[in-house]
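In my numbering, the protein residues as written are 94 to 378.
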């Protein structure tokens, strides 16, 4: 029987970054010694998303990157995420994580952080669990990270609340209309085009249009190798970078087999507290 309670999986780091650097006003403690923007904005943005996008209260699980989450991928490719510099600005949302997690626990809201796993892989494992146990259940992933497009299907959607209303819901047709590939091809597509956010360069000279043409008809990289399409200057570039392309695809593909500390309950989560309630409860004012 289908569970009518939608499951909302929150990319915690992504939402914190958006809150820390994209919130319209800075929030400080009364004595002006603490910047509370990230903590305040996290709950403000999440409350707005739930109010605007859901007609019934969802089950919410917030997922954070583990401190050593990227280590496994970096062991196979030392360039993976090597472009990320933890300067003082970048540390602002990271320092807010313990406060957000403390508040989630205090208000009995589920969250997961596995030290050796990236949030992407935890979310992918949760999606896989729901597909197996309750395949008709609706799942939403709040994130601006396009890597999640590979998880999209008829029941799984990405919700990018940073976009204008009417463009926030990323569905299979949305992916195809924008990029001319299916969600199941996303890792292949991004391996060719690259992902600057994760320091994956892609094939020189191959943009989204070329990649879409190479993969037209639903081809994967494995099928592309024998499809007779790797011709001309750009095709030659793909051939020359072939082993790297396959490696980049492995970096982009999400793991779906993690051991998780908790699983969806199928029940609606309690209402989120207001940001002011959170800051007050944590004694941060």
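Virtual Cβ for every residue (Gly too), placed ideally from N, Cα, C.
{"query": "By the DSSP assignment, the beta strand (DSSP E) with residue 154 in it spans what residues?", "result": "152-157"}
{"query": "Based on Cα-Cα distance, which residue from 246, 216 and 192 lies nearest to residue 228?", "result": "246"}
{"query": "Would you decide whether residue 253 is buried or exposed? Buried here means 16 or more other CB atoms lie within 10 Å of its CB.", "result": "buried"}
{"query": "Is there contact here, the region 359-366 with the region 135-150, by at least three beta-carbon pairs under 8 Å?", "result": "yes"}
{"query": "Return yes when the Cβ of residue 205 is within less than 8 Å of the Cβ of residue 156, no when it is not.", "result": "yes"}
{"query": "Leaving out the 5 sequence neighbours to the left and right, which residues in its chain are closer than 8 Å to residue 258 when beta-carbon positions are compared?", "result": "145"}
{"query": "For residue 104, write down the residues that DSSP places opposite it in a beta bridge.", "result": "156"}
{"query": "Measuring CB to CB, does residue 209 end up less than 8 Å from residue 161?", "result": "yes"}
{"query": "Please go through the same chain and pick out, in chain order, the residues whose beta-carbon is closer than 8 Å to the beta-carbon of residue 335, but skip the five residues on each side of it.", "result": "318"}
{"query": "Is DSSP giving residue 252 helix, strand or coil here?", "result": "strand"}
{"query": "Just to confirm the assignment, what range does the alpha helix (DSSP H) spanning residue 216 have?", "result": "212-226"}
{"query": "What's the C-alpha gap between residue 163 and residue 154?", "result": "21 Å"}
{"query": "Alpha carbon to alpha carbon, what distance is there between residue 231 and residue 310?", "result": "27 Å"}
{"query": "Contact defined as beta carbons within less than 8 Å: I believe residue 235 pairs with residue 101. What is the distance between those atoms, to the nearest angstrom?", "result": "7 Å"}
{"query": "When DSSP labels each residue in this structure, what does residue 345 get in the three-state scheme?", "result": "helix"}
{"query": "Determine, using beta-carbon pairs with one atom in the region 212-226 and one in the region 344-353, whether at least three such pairs fall under 8 Å.", "result": "yes"}
{"query": "How is residue 145 classed by DSSP in three states: helix, strand or coil?", "result": "helix"}
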